[in-house]
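S.K.: Read in order, the letters of the sequence shown are residues 1 to 307 in the UniProt record's numbering.
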Amino acid sequence: MVQLSPAEKSYLYDSLTQQPIIRPDLRSIHQYRPLVAKTSFLPGSNGSARVRTEDGSECIVSVKSKVVLISEEEEVQQQQGHNLIEVDIDIVGHRDDSNYVANLKFQLTNLLQQNFPFEVLKLTSKYTFKLYIDCIIISHSCYPLSLISIANYLALKTTRLPLLISDVNDEEIAELPTFSDDWENAKLIQDYHLNANTRGGGSSTKFQPPIFITIGVIGKNLILDPSFEEEQVLENGLIISFYNNKVITPISNTNFAVNSNNSNFKGLDQSLLIQSLTLCNKYCPNIIRALDSLIEEDNDDNDSSIF
1 MVQLSPAEKS
11 YLYDSLTQQP
21 IIRPDLRSIH
31 QYRPLVAKTS
41 FLPGSNGSAR
51 VRTEDGSECI
61 VSVKSKVVLI
71 SEEEEVQQQQ
81 GHNLIEVDID
91 IVGHRDDSNY
101 VANLKFQLTN
111 LLQQNFPFEV
121 LKLTSKYTFK
131 LYIDCIIISH
141 SCYPLSLISI
151 ANYLALKTTR
161 LPLLISDVND
171 EEIAELPTFS
181 DDWENAKLIQ
191 DYHLNANTRG
201 GGSSTKFQPP
211 IFITIGVIGK
221 NLILDPSFEE
231 EQVLENGLII
241 SFYNNKVITP
251 ISNTNFAVNS
261 NNSNFKGLDQ
271 SLLIQSLTLC
281 NKYCPNIIRA
291 LDSLIEEDND
301 DNDSSIF
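As structure tokens, this is what we get:
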């Protein structure tokens with residue numbers, strides 16, 4: 001992507017700090033980039049999603065499951081924390097061991113491991129499912145964490161796990177779990193989540209994977225999902241976690257313009273942080289509903305094309 005000249009940065013900064021704010025793509029402060037998506041298109045995966053935004057950014061996420069022994073995973077869990085979800089991120093043009101990729105991988109892994117209903121993965125007293133999430137960023141212009149998390153949300157929401165037909169009480173027998181051969185009997189994680197809540201006596205809540213939302217701070221203004229051009233003049237970049245219809249931790253402040261010399265970056269006003277949390281709590285539920293509607297429309301679409 002072409003970096004902005006000093007004159008262009010000055011003009012854009014003035015446009016974004018004034019009231020009312022004028023964004024380069026004419027979006028409102030709370031409007032996410034238009035996107036198109038396709039789910040459940042990879043035949044070798046339990047769940048998959050492909051998301052492309054209007055600026056050409058594109059991400060593919062695949063979710064695969066594996067049956068593992070609970071005892072073996074508990075040993076690793078004592079050392080590393082929850083180990084039933086593994087995330088791998090591959091970004092075209094970046095080394096897998098670069099700090100940029102490693103930081104994105106850590107943030108997404110930490111978010112999922114701290115905010116996922118792992119009880120839905122348990123099969124028997126000895127065995128459980130383990131999820132492997134592979135994220136591929138084919139192209140991106142702005143900071144890709146929000147794009148990755150949205151593709152991850154769609155993939156997990158459409159992930160199907162095979163139906164267990166053997167006995168769940170296998171403490172006294174040496175038996176491997178047996179599953180139905182008919183993939184039509186496979187259930188969504190949402191279905192397992194509802195069953196787990198019912199058995200536990202809790203209320204029937206929908207399964208909603210956590211997502212990341214990026215918010216740009218410039219002057220006294222906040223802009224949701226900043227574009228590549230906007231990132232070059234931001235004073236702060238907030239990464240906010242959203243789960244179960246509310247903002248959660250972690251919340252971090254970073255410079256989104258990793259390939260640009262952003263001289264505007266400065267300390268964060270506490271009042272703006274509070275405003276950003278209010279902004280997310282107000283508008284993120286709309287994003288979640290839009291993603292859920294997209295899944296429903298995609299299920300009703302008989303067209304097999306990806307886009």
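A virtual CB, placed ideally from N, CA and C, is assigned to each residue, including glycine. This structure is a prediction, so every number in the text was calculated from the model and none was measured.
Identify every residue that forms a DSSP beta bridge with L131.
M.R.: On the sequence shown, residue 131 is found 131 positions in, with the first residue counted as 1. Bridge partners of L131: S65, I85.
S.K.: With DSSP run on the structure shown, which of helix, strand or coil describes D14?
M.R.: Translated into positions along the sequence shown, residue 14 becomes position 14. It is helical.
S.K.: Within a Cβ cutoff of 7 angstroms, which residues of the same chain sit near L176, ignoring the five residues on either side of it in sequence?
M.R.: The count along the sequence shown starts at 1 and reaches residue 176 at position 176. So no residue of the chain qualifies.
S.K.: Taking one C-beta from the region 160–171 and one from the region 111–131 each time, how about it: are there three or more such pairs within less than 8 angstroms?
M.R.: Contact holds: three or more Cβ-Cβ distances are below 8 angstroms.
S.K.: For I288, name the three-state secondary structure that DSSP assigns.
M.R.: Numbered from 1 along the sequence shown, position 288 holds the residue referred to as residue 288. Here I288 sits in helix by DSSP.
S.K.: Tell me whether the beta-carbon of I89 lies closer than 7 angstroms to the beta-carbon of L104.
M.R.: Along the sequence shown, one-based indexing puts residue 89 at 89. Along the sequence shown, one-based indexing puts residue 104 at 104. A contact, by the Cβ cut-off of 7 angstroms.
S.K.: Go through its chain and collect everything with a Cβ distance to T109's Cβ below 8 angstroms, but skip five positions before and after it.
M.R.: Residue mapping note: residue 109 aligns to position 109 of the sequence shown, counting from 1. Result list for T109: I85, E86, V87, in chain order.
S.K.: At what residues does the beta strand (DSSP E) containing L176 begin and finish?
M.R.: Position 176 of the sequence shown, counted from the start, is the residue given in the question as residue 176. L176 -> no beta strand (DSSP E), and no H or E assigned at all.
S.K.: Measuring only from the beta carbon, is T124 closer than 6 angstroms to any heavy atom that is part of the ligand ADP?
M.R.: Within the structure as shown, the ligand ADP is missing, as the structure has no ligands at all.
S.K.: Any idea what DSSP makes of L4, helix, strand or coil?
M.R.: Walking along the sequence shown from the start, residue 4 turns up at place 4. Correct three-state label for L4: coil.
S.K.: What are the start and end residues of each continuous beta strand (DSSP E) run of 3 or more residues lying completely inside the region 102–157, in chain order?
M.R.: Those beta strand (DSSP E) runs which fall completely within the region 102–157 and span 3+ residues are 127–139.
S.K.: Note down the Cα distance separating G237 from T159, rounded to an integer number of angstroms.
M.R.: Stepping through the sequence shown from its first residue, residue 237 is reached at position 237. Stepping through the sequence shown from its first residue, residue 159 is reached at position 159. When rounded, the distance between both Cα atoms is 31 angstroms.
S.K.: Any chance the region 44–60 sits against the region 92–103, with 3 or more Cβ pairs inside 8 angstroms?
M.R.: Short answer: they don't touch.
S.K.: With a threshold of 6 angstroms on Cβ separation, who are the neighbours of Q79 within its own chain once the five nearest residues in sequence on each side are excluded?
M.R.: As a first step, residue 79 must be located in the sequence shown, where it is residue number 79. Note that Q79 scores a pLDDT of 46, beneath 50, so its modelled location is shaky and nothing firm can be said.
S.K.: Can you look up N221 in the DSSP assignment and give me helix, strand or coil?
M.R.: What you label residue 221 is simply residue 221 of the sequence shown in a count that begins at 1. Reduced to three states, the DSSP call for N221 is strand.
S.K.: I'd like the list of long-range same chain contacts for A13, defined as Cβ closer than 6 angstroms, with 5 residues on each side in sequence excluded.
M.R.: By 1-based counting over the sequence shown, the position of residue 13 is 13. The displayed chain sequence assigns Tyr, not Ala, to residue 13. Closer than 6 angstroms at the Cβ level, and outside the excluded window around Y13, lie V233.
S.K.: Look at the Cβ atom of I218, then the Cβ atom of E231, and state whether they are nearer than 7 angstroms.
M.R.: By 1-based counting over the sequence shown, the position of residue 218 is 218. By 1-based counting over the sequence shown, the position of residue 231 is 231. Going by C-beta atoms, I218 is not nearer than 7 angstroms to E231.
S.K.: So, helix, strand or coil for Y32, using DSSP?
M.R.: As a first step, residue 32 is located in the sequence shown; it is residue number 32 there, counting from the start. Correct three-state label for Y32: coil.
S.K.: What's the gap between the Cα of Q208 and the Cα of P6?
M.R.: The sequence position of residue 208 within the sequence shown is 208, counting from 1. The sequence position of residue 6 within the sequence shown is 6, counting from 1. Spanning the two alpha carbons is a distance of roughly 43 angstroms.
S.K.: With 16 as the cutoff for other CB atoms within 10 Å, does S10 come out buried or exposed?
M.R.: One-based indexing of the sequence shown puts residue 10 at position 10. Burial call: exposed.
S.K.: Considering only residues of the same chain and omitting the five flanking positions on each side of L35, which have a CB-CB separation below 6 angstroms?
M.R.: As a first step, residue 35 must be located in the sequence shown, where it is residue number 35. Once the five neighbours on either side are set aside, the close Cβ partners of L35 are V51, T53.
S.K.: In terms of DSSP beta bridges, what is I70 paired with?
M.R.: To locate residue 70, count along the sequence shown from 1; it is residue 70. BP columns for I70 are empty, so no partner.
S.K.: Would you identify the three-state DSSP class for L164, choosing helix, strand or coil?
M.R.: Position 164 of the sequence shown, counted from the first residue, corresponds to residue 164. Correct three-state label for L164: strand.
S.K.: Would you tell me roughly how many angstroms separate the C-alpha atoms of V67 and F212, rounded to the nearest one?
M.R.: The residue labelled residue 67 in the question sits at position 67 within the sequence shown. The residue labelled residue 212 in the question sits at position 212 within the sequence shown. So the alpha carbons of these two residues sit roughly 28 angstroms apart.
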